[in-house]
Each structure stands twice: as C-alpha cells, then as structure tokens.
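These notes are about the structure you will find just below.
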Amino acid sequence: MANTPTITFILYSILAAALVSFAAGRNIITTPTAATEDTPPIEKWLKNLNPAEEENFTILHFYIHDFVSGENQTVYNVAESAITSDSDSWFGRVQVVDHLITVGPELDSEKVGRVQGIHVLSDLHVAAISVNWNFLFNDGSTITVLGRLVAFAKEGELSIVAGTGKYLMARGIALKRTLVMDPDTLNSIMEYTMYVYSSGPTGLSLV
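Numbering (mature numbering (1 follows the signal peptide of the UniProt record, and there is no 0)), first residue to last: -25 to -1, 1 to 182.
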C-alpha cells in the first residue's frame, strides 16, 4: 500500500497536470473588453476609473511557482528575530525569493519572468508576510508590489505601487489564488491576476 507522502505526491502531480489543458495556448496579457455578467467586480470597477488619456490599462494573468524546498527551491531564510524559533507565527523571519513566472500552471510551461524580492513574517499572532516584490518580465519591464499575505490562505491581494519599462509608473491591484500546495513540502503553485494602470510606451513585446 502506498504511503501518505507518495499518495500526496501523486495527487499533487495529477492536479498540476490537469491544469495544463486549462491554460494551454493562453498569453499572460488579456485585452480588456466590455464588461459582462462574468466580468469580476474588481475589473468592472477599475475600468470605470476614467484614467488619464496617456495611461494604459492592462490585465495580466500568469502562474508563480513557490518552492520552499527541493531541487527547484526559490525561497531562502536570511535572518530571524530573537523569538522566531518560539513563535507560532515565525515572527521576525526574513526571506528572499526568486520565483519562476509561467504562462500556465505546469513547471515546463512558457517562462515569462521571475518574482524577486523579500518578505518578512511580521504578525505576532498569525503567520502573515509583509511583501516587497518585483515582478521582472522577460523584456526587462517590472511591476512592484507591496502588501500583506496570510500564509497558506487560499486568496490574497497586493497593491501595485510602481513599475518600469512597459509598466512605467504602474498602479493597480494584484489578486493571488493558491491553486495547489503540497502539505508535506509546502511547495505551491499560485495563480495571479494583475489589473494595471501604467504610462509606459506601447508596442513593446513582453516575451
């Protein structure tokens, strides 16, 4: 009889593979269209902000591979506080990340960038991180996000506060959804949708 870690790995692999067909053929840039009944409320609200004429509104959709262990590890501890080892929320732990961004949820999907930066476990009561990340895309453009995410939560929000290149002077919101998390390794695949207003030049190729 297969042991629990083996079963977990099999289920994790099946779910990740099943998501391939869902994302096949998709680009990370979505062209904004007229709102419909299926349009998310946040998207409807952002479309009605009436930005300046020189601003661009872009919707980005992609996946992040957050690996805290294994050969593809992308997050490492760099410092801890005096109470981290005794804290239920790992308070004071500082981590640096360099996560892969892909078009689809599978690891071998088209690679379009990296998420690089730091976050700090900064809540004394629950495991939550204060985030300072740069989303670096293949063409060199970046989007900077700040905010708070609760560890292991299914969903989360981050503020888009800056950008460079195509996303010069970016502002907006980044929505995170956890697609799958291995309970043994805590490695996870995150789905991100970004709603971005920016003043960068048009016509640049992202990948």
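Here a beta-carbon is modelled for each residue, glycine too, at the ideal position from N, C-alpha and C. Note that the structure is predicted; figures quoted are calculated from it, not measured.
Apply the 10 Å Cβ neighbour rule to Thr14 and answer buried if 16 or more other Cβ atoms are within range, or exposed otherwise.
Position 39 of the sequence shown holds residue 14. The residue in question, Thr14, is exposed, as its Cβ has fewer than 16 Cβ neighbours within 10 Å.
Is Thr168 helix, strand or coil by DSSP?
As a first step, residue 168 must be located in the sequence shown, where it is residue number 193. Strand.
Please list, in chain order, all residues of the same chain as Met169 whose beta carbon is under 6 Å from its beta carbon, the five residues on each side excluded.
Position 194 of the sequence shown, counting from 1, holds the residue named residue 169. Taken in chain order, the residues that qualify are Leu35 and Ala149.
Whose C-alpha, out of Arg89, Asp63, Phe127 and His100, is nearest the C-alpha of Thr119?
Within the sequence shown, the letter at position 144 stands for residue 119. The residue with the shortest Cα to Cα distance from Thr119 is Arg89.
Using CA atoms only, rank isn't needed, just tell me which of His100, Asn107 and Met165 is closest to Ile135.
The residue you call residue 135 lines up with position 160 of the sequence shown. Ranking His100, Asn107 and Met165 by Cα distance to Ile135 puts Asn107 first.
So Asp104 and Leu124 are in contact, right, with Cβ under 8 Å, and what is the actual spacing, rounded?
Counting from 1 along the sequence shown, the entry for residue 104 is found at position 129. Counting from 1 along the sequence shown, the entry for residue 124 is found at position 149. For the record, residue 104 in the displayed sequence is Ile; it is not Asp. About 5 Å separates the two Cβ atoms, so the contact holds.
Determine, using beta carbons only, whether Leu75 and His100 come nearer to each other than 8 Å.
Working through the sequence shown from its first residue, we reach residue 75 at position 100. Working through the sequence shown from its first residue, we reach residue 100 at position 125. Contact: no.
Nearest to Thr49 (by Cα), restricted to the options Glu55, Leu143 and Gln70
Here residue 49 refers to the residue found at position 74 of the sequence shown. Among Glu55, Leu143 and Gln70, the Cα nearest to that of Thr49 is on Gln70.
Would you please state the rounded distance, in angstroms, between the beta carbons of residue 187 and Ser174? I believe it to be under 8 Å.
Within the shown structure, residues of the chain are numbered from -25 to 182, placing residue 187 beyond reach of any answer.
What number of angstroms, rounded off, separates the C-alpha of Ser62 from the C-alpha of Ala102?
Translated into positions along the sequence shown, residue 62 becomes position 87. Translated into positions along the sequence shown, residue 102 becomes position 127. Those two C-alpha atoms are separated by around 9 Å.
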